[in-house]
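Quick note on numbering: the sequence shown equals residues 174 to 458 in the numbering used here.
Heads up, the beta-carbon is just placed ideally off N, CA and C, and yes, glycines get one too.
For clarity, every value in this text was computed on a predicted model and none was experimentally measured.
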Amino acid sequence: MESSNKVAPGSGAALSARAFEVRKNALTMAQVQGQGYVAQALGVADVLSVAYLHSMNVRPEDPQWEGRDRFLLSVGHYAIAHYSILAEAGYFPKEELVTYGCDDSRLPMSGMASYTPGAEMSGGSIGLGLPMAVGIGLGLKRKQSSSFVYTLMGDGELAEGPTWEAAIAASNYQLDNIIAMVDFNGVQADGPSTKIASTEPLVQKFEAFGFYVQRVDGNDMEALLKAFDNARNHSHPKPRMIICDTKMGKGVDFLEAREKNHFIRLDPPDWDRAFEALEARRTAA
């Protein structure tokens, strides 16, 4: 039994509508704190919507269901993005989003598995998602489970050694139950990721490590739908990688245009302006 909250296959327009809600969820939480990694959440909303509402086999009402697909948030500071999709998928009520980052909240500012329904790993140090996916993938294989392990990485963490050690292991053990994603938005804390430590050409590198690799526009819903379907249905015993080129601040024009948007602080009126810009973009579309 899969989640009743999933979008029917091929429903790109319906998924785009849900991705709008995911973006709105992220703005709601950022407004509470007046700051956050909200540009990343806006950019990766389409990717997460396809993952959770189309591709993954989950039961939000039973987060520990043994037959579930696992999702590992390797970029722990993307917690605001993860909570946005978890709320949209039905893991907890949307009304809880306003507790983000507050005392005794189930939604801490960095992802923690012990707090949040649906969270499978705690984040902070980057570069751990793919290594954990290898371990979980091996365990699922030994249990003869048909479940998949999804993991979301950022482009900056591709400079971390454990990522590539895990890539070797995933290929060596033919872990075709791993679907890894890279949110390639070109920005990390110290500046452009392509200048701080360029890891290109990524497609050729992951192919050389034995992955089935696709690279798509991470804000193109139809391209994402095809890529996730291809990854799940690929017939060769290889781990799968989807590199998603996304736009920071997607859907909010003045955030898209910011030169520095790794971590955003706005005055209270500007959060209202962000909601208005998001709604205006949807209306125009």
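Which residues bound the alpha helix (DSSP H) around residue i?
| i | result |
| --- | --- |
| Met305 | 302–315 |
| Arg446 | 441–457 |
| Leu428 | 426–429 |
| Leu259 | 252–262 |
| Ser344 | 334–345 |
Any idea what DSSP makes of residue i, helix, strand or coil?
| i | result |
| --- | --- |
| Tyr225 | helix |
| Phe401 | helix |
| Leu148 | Here the chain has residues from 174 to 458 only, and residue 148 is not among them. |
| Gly327 | strand |
| Gly185 | helix |
| Val322 | strand |
| Leu245 | strand |
| Ala292 | coil |
| Gly422 | coil |
| Val231 | coil |
| Gln204 | helix |
| Ala190 | helix |
| Met174 | Residue confidence for Met174 is low, a pLDDT of 37 falling below 50, so the modelled location carries little weight and cannot support an answer. |
| Ala286 | coil |
| Leu215 | helix |
Can you check which of these residues, the options, is closest to residue i by C-alpha distance?
| i | options | result |
| --- | --- | --- |
| Gly327 | Arg315, Pro266, Gly300 | Gly300 |
| Val425 | His435, Pro442, Arg446 | Arg446 |
| Val220 | Asp393, Leu451, Lys433, Ser408 | Asp393 |
| His407 | Met202, Glu234, His250, Asn350 | Asn350 |
| Arg413 | Met354, Ala430, Glu395, Ser366 | Met354 |
| Pro365 | Glu333, Tyr251, Lys433 | Lys433 |
| Glu373 | Gly310, Leu331, His250, Tyr385 | Leu331 |
| Tyr323 | Glu380, Val248, Gln361, Met282 | Val248 |
| Gly296 | Ile352, Leu280, Ala190 | Leu280 |
| Lys399 | Lys423, His409, Phe384, Ile415 | Ile415 |
| Ala187 | Ser320, Thr272, Ser222, Lys267 | Ser222 |
| Arg315 | Leu270, Leu348, Glu338 | Leu348 |
| Trp238 | Ala292, Arg454, Ser257 | Ala292 |
| Leu215 | Met282, Met202, Thr272, Leu311 | Met202 |
| His344 | His409, Asn403, Arg438 | Checking the sequence, you will find Ser at residue 344 rather than His. If we check each option's Cα against that of Ser344, His409 comes out closest. |
| Ser319 | Arg405, His250, Met285 | Arg405 |
| His227 | Ala199, Leu246, Leu397, Val386 | Leu397 |
| Glu429 | Gly207, Lys197, Ile253, Leu451 | Leu451 |
| Asp440 | Arg191, Lys197, Gly207 | Gly207 |
| Ala381 | Asp390, Trp337, Phe401 | Trp337 |
| Val195 | Ser184, Leu270, Arg241, Leu246 | Leu270 |
| Asp356 | Tyr251, Glu234, Ala199 | Tyr251 |
| Val231 | Gln204, Leu259, Tyr210 | Leu259 |
| Arg191 | Ser257, Tyr288, Tyr385 | Ser257 |
| Ile513 | Gln377, Pro304, Phe401 | The chain is shown from 174 up to 458; residue 513 falls before or after that span and cannot be answered. |
| Arg241 | Ala262, Phe321, Tyr210 | Phe321 |
| Glu449 | Ser189, Gly185, Phe193 | Phe193 |
| Tyr346 | Leu246, Val376, Ala306 | Ala306 |
| Asp418 | Phe436, Glu395, Arg388 | Arg388 |
| Phe436 | Phe379, Asp363, Leu375, Asn403 | Asp363 |
| Glu333 | Asn358, Ile309, Leu313, Ile369 | Ile369 |
| Ser184 | Gly422, Val217, Thr272, Glu395 | Glu395 |
Under DSSP, the beta strand (DSSP E) around residue i begins and ends at which residues?
| i | result |
| --- | --- |
| Ala353 | 351–357 |
| Leu270 | Premise fails: Leu270 is in no beta strand (DSSP E) and is neither H nor E. |
| Ile415 | 413–418 |
In this structure, what does DSSP give as the bridge partners for residue i?
| i | result |
| --- | --- |
| Phe436 | Answer is none; Phe436 lacks a bridge partner. |
| Gly209 | Ile437 |
Could you tell me whether any non-hydrogen atom of the ligand HEM is closer than 7 Å to the CB of residue i?
| i | result |
| --- | --- |
| Tyr251 | The ligand HEM is not among the ligands present in this structure, which contains no ligands whatsoever. |
**OP:** Please list the segments of the alpha helix (DSSP H) lying wholly inside the segment 359–396, counting only runs of 4 or more residues, in order along the chain.
**Re:** 366–369, 375–381
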